[in-house]
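With this note's numbering applied, the sequence shown corresponds to residues 70 to 526, in that order. We treat Cβ as the ideally placed atom computed from N, Cα and C, and that holds for glycine.
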Amino acid sequence: METTIAAISTAMSASGIGIIRISGEESMDVISRIYRSKGGKKKIKEVPTHTIHYGYIYDGEELIDEVLVMVMRGPRTFTGEDTVEIDCHGGVYAMKRVLETVLKNGAKIAQPGEFTKRAFLNGRLDLSQAEAVMDVIQAKNEYALKTSMQQLRGSVLRKIKDIRSRLLYQIAYIESALDDPEHISLEGYPQELMEVVEKEAEEISHLLKTASDGKIIQEGIKTVILGKPNAGKSSLLNVLVGEDRAIVTDVAGTTRDILEEYITLHGITLRMVDTAGIRETEDLVEKIGVGKARESAKDADLLLYVVDSSAPLDKNDEEIIAMLSHKKAIVLYNKTDLNPVVDIEELKTKTGCNVIPVSAVEETGIRELEEEIKRMFFTGDISFNDEVYITNARHKEALEEAYKSLELVKNSIELGMPEDFFSIDLMNAYESLGQIVGESVGEDLVNEIFSKFCMGK
């Protein structure tokens with residue numbers, strides 16, 4: 070925290086603008102050594118905070134680049150420290166030369182996530198907000214961006230703080246009563262505590278129920294396309310992706326390996342997995358591909374079973390139908406532009422799934438597929454008004470631990486245990502929730518979390 074750090078905060082590729090960020094108590098000293106205003110009169114150390122200045126970066130007497138410099142003095146900055154941002158030209162070499170000049174004049178290269186880590190350590194963000202910063206950067210769809218922005222604005226923090234404050238009140242009351250039994254009575258208190266604990270457990274349970282939706286919002290739905298060779302799986306993938314990503318031929322068994330693509334439908338990300346057509350084969354390479362298809366289906370969130378409606382069902386279809394059991398699945402009645410020989414009602418009976426007529430050639434039925442996926446994975450419309458979605462696996466684990474502790478409190482009350490037993494489990498719940506916002510975490514966990522951030526953030 071005593072070191073002044075610097076890094077390139079924009080992507081290392083040719084672009085219009087590149088940003089080099091400097092943060093720390095010596096930020097103003099570093100920039101004053103390398104910046105010269107256009108007229109040569111203005112000293113950058115003397116300018117007001119939160120202002121932008123036009124000039125040049127020099128390495129000694131060598132002109133490096135024409136820049137805009139933004140000066141922001143702490144604590145009203147992202148990190149809480151004096152911060153300088155240099156907007157230079159976005160060429161890769163230009164950015165590197167400006168950064169080298171900054172480092173040569175007193176700054177140290179920042180580690181991944183170090184700016185956000187300093188914001189956390191300086192109290193500018195809690196840990197859930199800090200993690201949301203990375204989620205915003207990695208958001209793949211509208212819903213993921215909205216949930217991440219809500220968390221960045223403190224939606225999870227506020228909810229967790231409210232629950233913790235109510236638990237802390239009960240802990241303090243029990244401890245005070247045990248220390249001063251003459252003035253604070255615990256008579257009838259277990260029944261009162263039971264009501265409080267049940268309410269807080271219900272609140273945590275509700276948050277945990279959002280975790281499945283939150284995981285899907287953040288990571289996408291792993292969607293595996295299954296079917297016999299030449300059923301139209303790869304054609305369907307190409308239609309959904311909007312370009313020819315999979316090779317499509319009339320030769321059965323063209324797809325040999327797993328092909329993955331991310332697509333967004335109605336704001337929901339699908340991690341589409343195209344697989345080899347499932348059939349018995351003597352071709353060694355195709356056989357490996359079929360094995361991978363079977364394995365992918367086991368881990369899928371959603372199976373899309375593509376049926377060639379112009380060809381009769383056979384034993385390969387029977388194997389695929391068996392794979393749909395106990396899985397979320399949609400049957401796509403493909404090639405509706407041809408004369409069908411498969412009875413659609415019989416297919417519904419055999420699979421027990423919703424069957425949607427589609428044509429990858431004519432690109433029909435795609436809208437109905439989108440609506441069905443949304444209906445299957447989200448209970449009603451997704452609301453971003455007051456709803457808090459848990460999208461982080463670490464948060465979910467901490468909530469589960471807190472819920473278990475509250476269940477132990479309820480069990481102790483029912484068994485008529487002494488009040489100090491209540492206090493122990495209430496404190497465990499309190500500390501588990503504290504892990505979410507960063508009030509009960511160790512240095513190793515903090516370092517691990519921020520090490521996953523991108524450089525310059």
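Length of the line joining the Cα atoms of A315 and T433: Confidence is the limiting factor: at A315 the pLDDT is only 37, short of 50, which leaves the residue's position unreliable and the question unanswerable from this model.
Spatial neighbours of L168 in its chain, beta-carbon cut-off 6 Å, leaving aside the 5 residues before and after: I77 and I89
CB contact flag (I91, A176, <7 Å): yes
Helix, strand or coil at M486 according to DSSP, with G and I counted as helix: coil
Local Cβ density within 10 Å of T318, reported as buried at 16 or more and exposed below that: In this prediction, T318 has a pLDDT of 35, which is less than 50 and means its spatial position is unreliable; what the coordinates show is noted afterwards. So T318 counts as exposed.
Same chain, Cβ closer than 6 Å to T279, five either side skipped, listed in chain order: Y458 and I459
Helix, strand or coil at H158 [DSSP, three-state]: strand
Three-state class that DSSP yields for D406 in the structure shown: coil
Rounded C-alpha distance that separates L237 from A498: 10 Å
Close beta carbons around D204, own chain, < 6 Å, minus the five adjacent residues each side: S217
G338 - DSSP class collapsed to helix/strand/coil: Correcting the residue identity first, residue 338 is Thr in this sequence and not Gly. Correct three-state label for T338: strand.
Assigned exposure category for P250 - 16 Cβ within 10 Å defines buried: exposed
Nearest neighbour of L196, chosen from S509, G525, K526 and T72 [CA to CA]: S509
Option nearest V116 by Cα separation, candidates Y104, Y127 and N299: Y104
Identity of the residue in S378, I273 and N461 nearest K417 by Cα: S378
Collapsed DSSP secondary structure at M445 in the structure displayed: helix
P298, buried or exposed, once every other Cβ within 10 Å from all chains shown has been counted against 16: buried
Close-in-space but distant-in-sequence residues of the same chain around T146 (CB under 7 Å, 5 per side omitted): T152
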